[in-house]
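Residue numbers (this note's numbering): 539 to 1472. The beta-carbon is built from N, C-alpha and C at its ideal position, and this holds for glycine as well. The model shown is predicted, which means the values in this text are computed figures rather than measured ones.
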């Protein structure tokens, strides 16, 4: 006999049937499927004599609705005689998570063999009688249920009886003829209702069920803890498929004698996989989405490699394909399935590429599309990027507006982001000249999260405002910013080889390099701030430097105090106060080796510039002895040796400096000059070419390369390198005149004139350039243009008579004789003892027929006699009287000759038909032939 406990039943159960009356098949199905007996709809037989009356509930809940998989109605079975009562298995009511709401209750282990009347025939007011004690015996099923549920002894029978909805239903075995006449059973056999899976229970139960066995050995399975029937169980007339065991290869066919084949090898090879449909809309969407992602990645990679144009093109292609993807998604699926993350990434990348390509209007429009779309979460932070664009456009008001809008979008928990936005606001205020607002921003930053940049910018703002006290406070705040660098971890505390190996490994790793960069940046900010505020925070810059030094000494940057002292000495040098600078540097000689070497190096440079090579060499030796690996000290030592002419030894010092520091460009430049002095031009050229690879736009290096090519008699290469110098410094007059000289030697007068003229335009005081330009205009017979250059030369060198004589000759050759005569007279007044000027006056006055010719002739004769006497007195002590007389005669004959300072005049073409008869105006007997010019 099977005992079925159904605590989830919502209707009253009928009592157990009498054993003398057979039951129908539906009762067996109801018992196996844990269905209440009320579903049969049959009247229950009365209970036999001696049975206990059962209390009927006043009201019962309505039965649950039938599942859609069950038949809508069942036919009632025929009346069957009652069966005798059989021993009932225990039923535990106090399981957690059950449908019962009453307190836990332990049921008796056994019930007596008796029949109960039908629930419908029980009087509602029948009193509930206590159950009699059960005999001390248990079945296997009851024992297993007790052990599973932890049932206690039967001594608690004195507890009140259970309510009617917790009764047990007793079923019996059906007869064969009843199965054949049972229409419901035959319908179940013919149809597939029994193989349909039941619906899940509405309320899950946590009770663990076990099979309940009776004396007849029949058993059934209770519902699982979550209301799901066990595999193979029958519930509500529906058989659940054995899916759990079928996957492992256990099927009903195996029970009928078939071979055990859990892997299904007897069924042959598996059918081929179904090929994907490439033309389906879903596949097209996936492929298009993949292409968009690839384009975005390619755009980012191109931007990181510096190919901004390609990055922008890829970003545009990604945007176009993404729009096509959105339209296809809208046609196939609902708008909620659109990939917003992909749309956001495409738009953001496009805006970024517009920004780096300086297409600010397009970038702003794209950012606006993202920001205005409410479907994008946290898109408001992009207003900071828009503020950066407005800052680049110098639209400071809008930049500040968008920065503040972005600041409102950032939650207060994101402290670092808020600090960065406020730093941008402060920088914008500084560029806009609103220093007071910038001070407020940086003061807030320094109070919330102090950092080096904010402290440095705050110091600059107070310097711009001119508040001395606030400058001091800002500098102190900058000094107090912690570096958060632990130097002790790079020092091995023990001799453990493993610890030493780890220490050596982390001494130069990326984290250590970042710490060094951070420390170098902090020292740079502090030194720059100190040099900026020291001259203004006190009455003198010396007192300001002293205050800064004291503050630095009391901080974690103690080593910067000596550097500030050296900067103080350099400031004295800029103010031309060499004595104070030397005094400060000499005081630093007593410091440690590093500071001593730096001070001695500066002293050596000072004495070298003062041409005191002995002192320069002495201090250079001190610097080298203090720090042998100081490249600046070795370079200064080489300079002192170079000044003494020992080029080989100087080259050795320069080489040692390069071995200590390969980036010492001063030593490399000086060794090139040394090789040039030693006439080792190839080695000098190699040095300067190496230096050119380091300093690509150094005009000095380019000029030295051109100079070496000129010394190597390669003017074409010299001109090429000088052209590079001109591209770097287009206004250098010396380089332009050098180019003009090279072109002049090559015979290219037009190019030479161009560069000489450019040199004269930038520096109109170069006498060589002025002389070449004047001679060029004379060669081309542009006398009037040559006059202005010679006049400029006469202004530059007013004590040189030749420039005024050239001006007069230009007037004379241009046919302006009156202007030429006036110029000669003016020159004679300034230089009355100049013989050449008197000769030109005599010749010009004679040609013009003026009476002044006789007077200038007498002055010329007297001047020549005085000159002859003077030369005779000078040479009287050296030579004999005969020899001096012969020399004087030769000198007199030479002085009488006429030499034009501009050279011989070009003969004009003979255009007159009649030959001109020259009249001799110098027929006076007082004039000798030796006074006339040839």
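Beta-carbon proximity of residue i to residue j, cut-off 7 Å
i: residue 1358; j: residue 1369; result: no
i: residue 1290; j: residue 1298; result: no
i: residue 1173; j: residue 1195; result: yes
i: residue 1339; j: residue 1329; result: no
i: residue 1175; j: residue 1191; result: yes
i: residue 1171; j: residue 1139; result: yes
i: residue 1249; j: residue 1229; result: no
i: residue 1398; j: residue 1382; result: no
i: residue 1267; j: residue 1231; result: no
i: residue 928; j: residue 962; result: no
i: residue 1095; j: residue 990; result: no
i: residue 1154; j: residue 1142; result: yes
Proximity to residue i [Cα-Cα], best of the options
i: residue 1352; options: 1320, 847, 1088; result: 1320
i: residue 1115; options: 1092, 1144, 1377; result: 1144
i: residue 889; options: 920, 1285, 916, 1036; result: 920
i: residue 932; options: 1092, 969, 902; result: 969
i: residue 1293; options: 861, 1361, 720, 1260; result: 1260
i: residue 986; options: 886, 1005, 906, 960; result: 960
i: residue 850; options: 1246, 900, 1045; result: 900
i: residue 1011; options: 1020, 1059, 996; result: 996
i: residue 1087; options: 1078, 1100, 1075; result: 1100
i: residue 864; options: 852, 855, 877, 853; result: 877
Through-space distance from residue j to residue i, alpha-carbon basis
i: residue 992; j: residue 1047; result: 28 Å
i: residue 1160; j: residue 1065; result: 26 Å
i: residue 908; j: residue 971; result: 32 Å
i: residue 1421; j: residue 1402; result: The predicted position of residue 1421 is uncertain, since its pLDDT is 48 and thus under 50; a value taken from the coordinates is nonetheless stated next. Rounded to the nearest angstrom, the two C-alpha atoms are 19 Å apart.
i: residue 857; j: residue 922; result: 22 Å
i: residue 1041; j: residue 1028; result: 6 Å
i: residue 1149; j: residue 1177; result: 11 Å
i: residue 1105; j: residue 1126; result: 12 Å
i: residue 1264; j: residue 966; result: 38 Å
i: residue 564; j: residue 809; result: Only weak support is given to the placement of residue 564: the predicted model assigns it a pLDDT of 41, under 50, and the value that follows is read from those uncertain coordinates. Whole-angstrom Cα-Cα distance: 44 Å.
i: residue 1379; j: residue 1325; result: 19 Å
i: residue 1199; j: residue 1169; result: 6 Å
i: residue 1080; j: residue 1073; result: 7 Å
i: residue 717; j: residue 726; result: 11 Å
i: residue 614; j: residue 728; result: Confidence is the limiting factor: at residue 614 the pLDDT is only 42, short of 50, which leaves the residue's position unreliable, though a coordinate-based value still follows. Whole-angstrom Cα-Cα distance: 19 Å.
i: residue 1393; j: residue 1279; result: 45 Å
i: residue 1023; j: residue 988; result: 16 Å
i: residue 914; j: residue 977; result: 35 Å
i: residue 1015; j: residue 1008; result: 10 Å
i: residue 859; j: residue 823; result: 11 Å
i: residue 902; j: residue 1117; result: 60 Å
i: residue 1331; j: residue 1410; result: 35 Å
i: residue 1000; j: residue 994; result: 10 Å
i: residue 1333; j: residue 1374; result: 20 Å
i: residue 869; j: residue 833; result: 24 Å
Residue burial classification, residue i (beta-carbon count within 10 angstroms, cutoff 16)
i: residue 1167; result: exposed
i: residue 1109; result: buried
i: residue 503; result: Past the edges of the chain, shown from 539 to 1472, lies residue 503, and the structure says nothing about it.
i: residue 840; result: buried
i: residue 1132; result: exposed
i: residue 893; result: buried
i: residue 904; result: buried
i: residue 1355; result: exposed
i: residue 1067; result: buried
Residue i in three-state terms, based on DSSP
i: residue 876; result: coil
i: residue 1356; result: helix
i: residue 918; result: helix
i: residue 643; result: The predicted position of residue 643 is uncertain, since its pLDDT is 36 and thus under 50; no value can be drawn from it.
i: residue 831; result: helix
i: residue 1248; result: helix
i: residue 851; result: helix
i: residue 1304; result: coil
i: residue 1115; result: coil
Proximity test, Cβ basis, 7 Å: residue i and chain C
i: residue 994; result: In the displayed structure, chain C is absent; only one protein chain is listed.
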